[in-house]
Every structure is written in C-alpha cells, then in structure tokens.
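Shown next, in structure tokens, is the structure this report addresses.
In our numbering, the protein residues as written are 3 to 118.
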C-alpha cells in the first residue's frame, strides 16, 4: 500500500472542525502542530503588539487512494476556494513509512476496499 502525507494548515479556531471532517472522510490519527502564519501582507500592529494569525498544522499519513477523498472533504468544509481563505492543504508521497499502528492499517484497508 502506498502512503502519502496530507498536510492541512488551518486557522487555530477551525482545528477541531478540520479534524472532524478529515476523520469522517476516512482519516485516522493526526499529528497536530501549532504555529503562526506570516503572509505576504504587512503585519498588523495594535497598541504596539504585532498581530499574527495562529494556525494549526494537521499532519495525516494516509493511503494514496484515500488521500484525495480527505483532501476534497477538507477543501469543501474549509471553503479553500474562497478569497477570504487562509488555509492550505497539500499532499506529499512517502517512500518509506515505519511505526504505523496495526489497527490503523486495518482501518485503512477497509476504507480502501470501500472505495473500490
């Protein structure tokens, strides 16, 4: 089974929503990282404090056949196509993966069988 990494960078306040959408689309475990977003626009300063958007980086390891379904679900739910969007989602192929939970692998096998 070929795996891909699906990475979704979402506003921190939409973290739970994004995780729920991904899991409903077939994703399993997720690694969650917190950070700040620095875009092309100048930072806002309010009373001497620099305002930066807090973001959450969600990192999923998924079977290749399942990744597109999860990505489409996140794209719809987070309205990625909107002009006001501040999220980004992308996938990367993984050459070698070690340490995946056996229970997670069985879940993935069932999800992929349902896709076929």
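By construction, the Cβ of each residue, glycine as well, lies at the ideal position given by its N, Cα and C atoms.
Excluding five sequence positions before and after residue 61, the CB atoms of its chain that fall closer than 6 Å to its own CB belong to 9, 33, given in chain order. A distance of 8 Å or more separates the beta carbons of residue 70 and residue 91. In the same chain as residue 94, and ignoring 5 residues on each side of it, the C-beta atoms closer than 6 Å to its own belong to 7, in chain order. Under the DSSP definition of a beta bridge, residue 56 partners with 38.
Judged by DSSP in its simplified three-state form, residue 21 adopts helix. Here residue 12 carries a strand assignment [DSSP, helix/strand/coil]. Taking a C-beta distance under 8 Å as the contact criterion, residue 13 and residue 59 do not qualify as a contact pair. Residue 84 is classed as exposed because its beta carbon has fewer than 16 other beta carbons within 10 Å across all chains shown. Around the CB of residue 27, 16 or more other CB atoms lie within 10 Å, so the residue is classed as buried.
Taking residue 113 as the centre and dropping the five residues before and after it, the same chain places the C-beta of 28, 65, 68 closer than 8 Å to its C-beta, in chain order. Ranked by Cα distance from residue 20, the first of 98, 87, 5, 80 is 80.
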